[in-house]
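Just below is one structure, and these are the notes that go with it.
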Amino acid sequence: MEDEKIIALYFQRDEEAIRQTQSAHGHKLYCLSYRILQSREDAEESVSDTYWKAWENIPPTRPVHFFAYLAKICRFISFGRLDLRNAAKRKAEIVSLTEEMALCIPDPARQLQMESRELGQVLNDFLATLSEENRNVFMRRYWYADSIAEIAQRYRLGESNVKTKLFRTRSALKTYLEKEGIPL
Amino acid sequence: MTGKELLEAMSYVDEEYVARADRPVVSRRVHWQPFAAMAACFCLILFAASRVLPVQKDADGSQITMAAGTSRTEEIALDEGADQISGPWIAENGPNPASSGSITVPESAQDFRMACQDAQAMDGALWITVRVEARTEQGLLCTVIDPGTGSYPADAQVTVTLPEEDSHSTLSQKEEPALLQITYRESNGDMIYAEALDPVEAPPSD
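Chains as they are written, first to last, in my numbering: chain A, 1 to 184; chain B, 1001 to 1206.
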């Protein structure tokens, strides 16, 4: 079923909307959550919570990009469930992602007093400066938590090429954060 | 700020970017098949053009080039009795290898007439030279002098029906037998349906 029709079901308060959402986007949401949590049970619960949250928010919210909207909720919920210490024991991909992102922080030793929402806006502005391909590669890695191999296969690039792009983008992000004078 | 915080802050980026990153990837691979097909068509057009507009060089190397967009049979105009060519022709001095669609400049009206006949023959028309023996209701009773490109042998008796525009022309009113070059496409037995008639001067008798 098309996203517009599913959203219409939400507006009609028809519970079929949940089933259609699961049918259309359930697998991708589960994969996203599983990459972050590395736990099947936790991922399934996160996806269920995502459906419940969507049911609560639609209406009045009418998402323009339905999957992106759901994925955003799912990502919030998954990070809320994330216990990095336990994730490290499971050798979760998210641990290496946090380490990679830590390299972008201008001065990790100093505590950044910045709301995540403001930081998100800065990241948003930074993404606008990137080319379409570099932005998509960056998003697949640090938003969807795809592996290097998955990104390389998706965009028909070599893995070393993907690594190089990510390294350069992280370096550019670090420079951007310094230039923007992130309050430290 | 930690890496986890930065990673979590990614959740706040625009949904448009999230949606774009999730779109199916359009292959950027270059497909060579359309280019190969275009090249093949181009070669075919070049080949066809070289067959339709053959380059002929006269003994003195003079050439003429047909103006673009003109039909060979339509644009060739023969001024009877003149050695000059009239029509949209561009005379060039000396050979020009770069020019395509060139044919030889005829040295005389007779040569030019032959060129016209060749051109007509290329369009599927046939020609013969006949001597008019008598005039009947059906047309001109003739004897074939030169078979030309037609299928009638020399000395064959044929009846030539005149084209509409020549039915009352001075040619059909001539009293004396004359030599005619006849261009035709259709015939039925000894009946020839002429499309064009051209008087031909009798060769000088020795």
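Quick reminder that beta carbons are idealized off the backbone N, C-alpha and C, glycines included.
{"Item": "Interface residues of the segment 137–152 of chain A facing chain B [CB-CB below 8 Å]", "Value": "Met139, Arg140, Tyr142, Trp143 and Tyr144"}
{"Item": "Cβ shell of Arg168 (chain A) (< 7 Å), same chain only, five flanking positions each side left out", "Value": "none"}
{"Item": "Cutoff 8 Å: Asn161 (chain A) Cβ touching any chain B Cβ", "Value": "no"}
{"Item": "Test: Val1013 (chain B) CB closer than 8 Å to a CB of chain A", "Value": "yes"}
{"Item": "Distance CB(Gly1003 (chain B))-CB(Thr21 (chain A)) smaller than 8 Å", "Value": "no"}
{"Item": "Burial state of Lys5 (chain A) (16 or more Cβ within 10 Å)", "Value": "exposed"}
{"Item": "Burial state of Asn1188 (chain B) (16 or more Cβ within 10 Å)", "Value": "exposed"}
{"Item": "Any non-hydrogen atom of the ligand NAP within 7 Å of Val162 (chain A) CB", "Value": "Ligands in the displayed structure: none, and consequently the ligand NAP is not present."}
{"Item": "Near-chain B residues of the segment 33–60 of chain A (beta-carbon distance less than 7 Å), N- to C-terminal order", "Value": "none"}
{"Item": "Close-in-space but distant-in-sequence residues of the same chain around Tyr30 (chain A) (CB under 6 Å, 5 per side omitted)", "Value": "Ala43 and Val47"}
{"Item": "C-beta neighbour in chain A for Arg1020 (chain B), strict 8 Å", "Value": "yes"}
{"Item": "Nearest to Met101 (chain A) (by Cα), restricted to the options B:Ala1021, B:Leu1007 and B:Ile1128", "Value": "B:Leu1007"}
{"Item": "Whole-angstrom distance between Gln1157 (chain B) and Ala1077 (chain B), CA atom to CA atom", "Value": "Low confidence applies to Ala1077 (chain B): its pLDDT is 45, below 50, so where it sits in the model is not reliable, and the reading given next is rough at best. One C-alpha to the other measures close to 31 Å."}
{"Item": "Presumed contact (8 Å Cβ cut-off) between Lys165 (chain A) and Val122 (chain A), rounded CB distance", "Value": "Wrong, their Cβ atoms sit about 21 Å apart, outside the cutoff."}
{"Item": "Boundaries (first-last residue) of the alpha helix (DSSP H) holding Ser23 (chain A)", "Value": "Glu16 to Leu37"}
{"Item": "Whole-angstrom distance between Leu1179 (chain B) and Arg1072 (chain B), CA atom to CA atom", "Value": "A caution first: Arg1072 (chain B) carries a pLDDT of 47, below 50, which makes its placement in the model unreliable, though a value can still be read off. Their Cα atoms are separated by approximately 26 Å."}
{"Item": "Nearest-angstrom Cα separation, counted from Ala1019 (chain B) out to Leu127 (chain A)", "Value": "14 Å"}
{"Item": "Contact with chain A by Val1026 (chain B), beta-carbon distance below 8 Å", "Value": "no"}
{"Item": "Three-state secondary structure assigned by DSSP to Val64 (chain A)", "Value": "coil"}
{"Item": "Cutoff 6 Å; reference Asp3 (chain A); Cβ partners in own chain excluding five residues on either side", "Value": "Phe66"}
{"Item": "Straight-line Cα distance separating Met1038 (chain B) from Ala1125 (chain B)", "Value": "34 Å"}
{"Item": "Limits of the beta strand (DSSP E) - the one that Ser46 (chain A) falls within", "Value": "Note, Ser46 (chain A): premise wrong, no beta strand (DSSP E); alpha helix (DSSP H) at Arg40 to Asn57."}
{"Item": "Any chain A beta carbon closer than 8 Å to Lys1004 (chain B)", "Value": "yes"}
{"Item": "Within chain E, partners of Gly120 (chain A) - CB distance below 8 Å", "Value": "Going by chain labels, chain E is absent from the structure shown, which instead holds the protein chains A and B."}
{"Item": "Pair within 8 Å by beta-carbon distance, Pro63 (chain A) and Tyr69 (chain A)", "Value": "yes"}
{"Item": "Whether Gly80 (chain A) touches Ser1011 (chain B) by CB criterion (8 Å)", "Value": "no"}
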